[in-house]
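Below you'll find the structure, written out as structure tokens, and then a few comments.
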Ligand code: SF4
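In the working numbering, the protein residues as written are 8 to 314.
Below you can see the structure in the form of structure tokens.
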């Protein structure tokens, strides 16, 4: 994979370029790209004070390219530091899709010598995702998102992790902001901000949030860790698929659209800080997980399933 045209040269050393970063007005060769990628991730970590010395970090690793690249880049960035990484893989129970990615997640954790734990919806909640969605009026991704978040939080707590790192990239983040604008869901948009610490909730960090998906794929390929996974069979049913197509088109016509969408949201968020305080979370009366109100979303969905 090369994201630069034939004949393009690195803006820094004049070697053959592997990528043209139109939104930054430059091209980079393989060495400069890999160094720049890891540097930008570390910058995001430092700017957001995401990781402190001595912490144990749970890293959500699905086996897809983003989370694989995240684990790889973190293990390099913190190789000389007192930071312990543990990979957490969630098996949602999606037939014909998850098995391959779980194997890929096991492979990368083994290659890097990082402990891995696998948690499944079936063990945690008694159902596979495929069973949960039969006859449900809710989109599969709604179930998946709720139970995945909850599974990861529970696993990170059991592991005594200080933070939970996820492989969300710039594309995911810009899509989420845009989806909330399109739905007019300002509550959810404001909940998208990094949360301050709340009891029972392991703080989430997104070290790749400033890096475009294509660059993450290129980083994974250049480091020999890329795994081409099939698309989830439920993906096309989600609004996100349409928003992703629209944002990709906008980015190609107007380079930097995603970055500006995120920067714009950060400005709105700063302006709203005063009037839009963070909600206090309570303990779910059924499972004890943190939630807004009396019952968490996972217990609410489980209640519907058992009816
Ligand atoms: Fe889950 Fe939806 Fe992603 Fe499939 S596309 S893994 S159902 S969130």
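Ideal Cβ positions, reconstructed from N, Cα and C, are used throughout, including at glycine.
Per DSSP, residue 157 has no beta bridge partner at all. In the structure shown, residue 240 falls within a coil segment according to DSSP collapsed to helix, strand and coil.
Nearest in C-alpha terms to residue 211, of all of 237, 242, 163 and 97, is 163. DSSP links residue 298 through a beta bridge to 289. Going by C-alpha positions, residue 246 is about 14 angstroms away from residue 178. Fully enclosed beta strand (DSSP E) runs of no fewer than 3 residues occupy 91-98 and 123-127 of the segment 91-156, in order along the chain. For residue 170, the three-state secondary structure derived from DSSP is strand.
In this structure, residue 161 sits near residue 131, with a CB-CB distance shorter than 8 angstroms.
DSSP places residue 232 outside both helix and strand once states are collapsed to three, so it counts as coil. Counting of Cβ neighbours within 10 angstroms places residue 43 among the buried residues, the total reaching 16 or more.
Put simply, the backbone Cα of residue 294 is about 14 angstroms away from that of residue 156.
Here residue 286 is exposed. Its C-beta has fewer than 16 other C-beta atoms within 10 Å.
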